Amino acid sequence: MYELAKKALKLAEEAGAEEAEIYYFSNHSTGVNFKKDSLENAKDRFSEGLGIRAIVNGAVGFASTNSARELENAVKIAVAEARVRENDPDWVSLPSNGKYPEVSGIFDKKVEALELEECIGYAVELVDGTKAIPGTLPTSGGFTRSRSRRLILNTNGIEVEEKSTAVSGFVDVITINGDTSTAYDFAVSRSLDIDFFALGKNASDLALKSREGIKIEPQKTDVIFHPFAFSDILDDALAPSLDADNVQKGRSGLIDKLGEEVAVPELCLYDDGLVEAGIETAASDDEGVPSQHTTVIKNGVLETYLYDSYTAGKAGVKSTGNGSRSSYTSPPSVGLRNFVIDYPQEDIIANTASGIFVTTIIGAHTANSISGDFSVEARNAFTIKDGALDKPIKSLMISGNAFELLKNITGAGFDIRKVGGIITPSIRVSGMSVIG
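Reading the sequence shown from the start, the letters are residues 523 to 958 in the numbering used here.
Below is the structure:
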């Protein structure tokens, strides 16, 4: 594949591109899914392709292909598109060669070598875990293994190639006796260090504890957000305002806030492409900029936005290594790497006299990413009384503002979890508006 990518780069230059970039990505995944307590299917998927960016007179063209036979045509399309597009005055250049850091924990030979029978075995562990506590039935879930390879080349000397692996497990359960309640659990990792039996057991235990929920009166109270719930709020209501592209286009609630206190003094937020075994860890971002540790909020003060090469050039700053692609079929844009929440940890439930604990939420995607306002439905929520979870809550809506939330954080638990690219413990926030 390296030789094919080099060929594409040469073809782009011969066609008249002043700069060119080749992004290759392949992924081989094995997924085993179940419904109720029976295996539904097992699928093996393989995808690979190339994305080509070509620059002519400050205009950028893009094309992609999943066929080596169409490579020359795809290159011609990218260059032709650049020729007919208007010059972009904000375009500076593609990244140039840099020194790449060593990263660890993103590739596991055992994951790469997994056979289908072993994948099925891990899915069965999820189901068996749900049966450890009688009274529930798994409704859906599954195990997924993936192995990926990425190669980035450009005419400015960028050459970076990397392999990675990942496994994940998910299970959704429902109670089968008495009051109906549901719950789920999931985990993702770069290696085989997930206890899949425990995932199933935890989901069943949570569903059973959530039965016979009570109604509560509208109030303002302390709310502890489990990592699942807090990561959703961060991803949908806060992260878009840290995207430099949104800042530059006036679509951020953090415009002109650099150097200002936007959170409680104890809070630090980092974007870190170097986290050991992080889901978004790699030697570089998706356009070849070396990965780095970026302090976004330090002691409550906003230090920086997140940049890819284009937005960094437009702002006259260096990229923070946040060029991200959803696929080889799209050019890069700004995206989170490993987003780490750092706040002094404690036994957060034991140190909460009264309040509410929320495991998951629904509706975070409807948040207004400019104002930060959100209104979500809480699932598997419990009242807190005298430092312990007390009674399940039947129905609960929580409304608030992501920017105000940062100023009202009062605690963090020891239960740090990797929820995709967000790494966070449970977080306690004061004065949240809840409606039963």
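Glycine is no exception: its CB is placed at the ideal position from the N, C-alpha and C atoms. All figures in this text were calculated on a predicted structure; none of them were measured in a lab.
Please classify residue i as buried or exposed, where buried requires at least 16 neighbouring CB atoms within 10 angstroms.
i: residue 665; result: buried
i: residue 792; result: buried
i: residue 556; result: buried
i: residue 702; result: exposed
i: residue 700; result: exposed
i: residue 543; result: buried
i: residue 716; result: buried
i: residue 749; result: buried
i: residue 635; result: exposed
i: residue 859; result: buried
i: residue 740; result: exposed
i: residue 907; result: exposed
i: residue 944; result: buried
i: residue 630; result: buried
i: residue 1033; result: Because the chain in this structure spans residues 523 to 958, residue 1033 falls outside the shown range and cannot be described.
i: residue 591; result: exposed
i: residue 857; result: buried
i: residue 884; result: exposed
i: residue 723; result: buried
i: residue 541; result: buried
Return the Cβ separation of residue i and residue j in integer angstroms, given the expectation that the two are a contact with Cβ distance under 8 angstroms.
i: residue 989; j: residue 807; result: Look at the range of the chain in this structure, 523 to 958, and you will see that residue 989 is not part of it.
i: residue 914; j: residue 733; result: 7 angstroms
i: residue 627; j: residue 648; result: Not quite, the Cβ-Cβ distance comes to about 23 angstroms (not below 8 angstroms), so this is no contact.
i: residue 897; j: residue 921; result: 4 angstroms
i: residue 685; j: residue 668; result: Actually they are not in contact, since the Cβ atoms of residue 685 and residue 668 sit about 11 angstroms apart, beyond 8 angstroms.
i: residue 586; j: residue 574; result: 7 angstroms
i: residue 743; j: residue 954; result: 6 angstroms
i: residue 583; j: residue 850; result: Not a contact, Cβ separation roughly 16 angstroms.
I'd like to know whether the C-beta atoms of residue i and residue j end up nearer to each other than 9 angstroms.
i: residue 927; j: residue 871; result: no
i: residue 882; j: residue 738; result: no
i: residue 559; j: residue 659; result: yes
i: residue 923; j: residue 942; result: no
i: residue 809; j: residue 835; result: no
i: residue 758; j: residue 900; result: no
i: residue 747; j: residue 951; result: yes
i: residue 833; j: residue 780; result: no
i: residue 865; j: residue 949; result: yes
i: residue 903; j: residue 918; result: yes
i: residue 939; j: residue 545; result: no
i: residue 868; j: residue 823; result: no
i: residue 730; j: residue 697; result: yes
i: residue 646; j: residue 561; result: yes
i: residue 929; j: residue 958; result: no
- Message: If we require 3 or more residues per run, which beta strand (DSSP E) segments fall completely within the stretch 614-683?
- Response: 658-676
- Examine the Cβ distances between the stretch 667-681 and the stretch 645-659 and report whether three or more of them are shorter than 8 angstroms. no
- Any alpha helix (DSSP H) of 4 or more consecutive residues that is wholly inside the stretch 761-802: 766-770
- Within the chosen definition, does the stretch 755-767 reach the stretch 691-701 through at least 3 CB pairs nearer than 8 angstroms? No: fewer than three Cβ pairs fall under 8 angstroms.
- Is the stretch 799-815 touching the stretch 872-885, taking contact as three or more C-beta pairs under 8 angstroms? no
- Pick out the complete alpha helix (DSSP H) segments inside the stretch 813-861, 4 residues or longer, and give them in chain order. The alpha helix (DSSP H) runs of length 4 or more contained entirely in the stretch 813-861 are, from start to end of the chain, 831-837.
- Message: Under 8 angstroms: do the stretch 610-619 and the stretch 548-555 share three or more Cβ pairs, one atom per stretch?
- Response: no
- Mind the definition here: the stretch 775-794 touches the stretch 814-821 only if three or more C-beta pairs lie below 8 angstroms; say whether that holds. yes
- Message: So, does the stretch 632-652 touch the stretch 578-592, judging by three or more C-beta pairs under 8 angstroms?
- Response: no
- Item | contact_flag[the stretch 780-789, the stretch 607-614] where n(CB pairs < 8 angstroms) is 3 or more | no
- Message: Give the list of continuous beta strand (DSSP E) stretches no shorter than 3 residues that lie fully inside the stretch 709-742.
- Response: none
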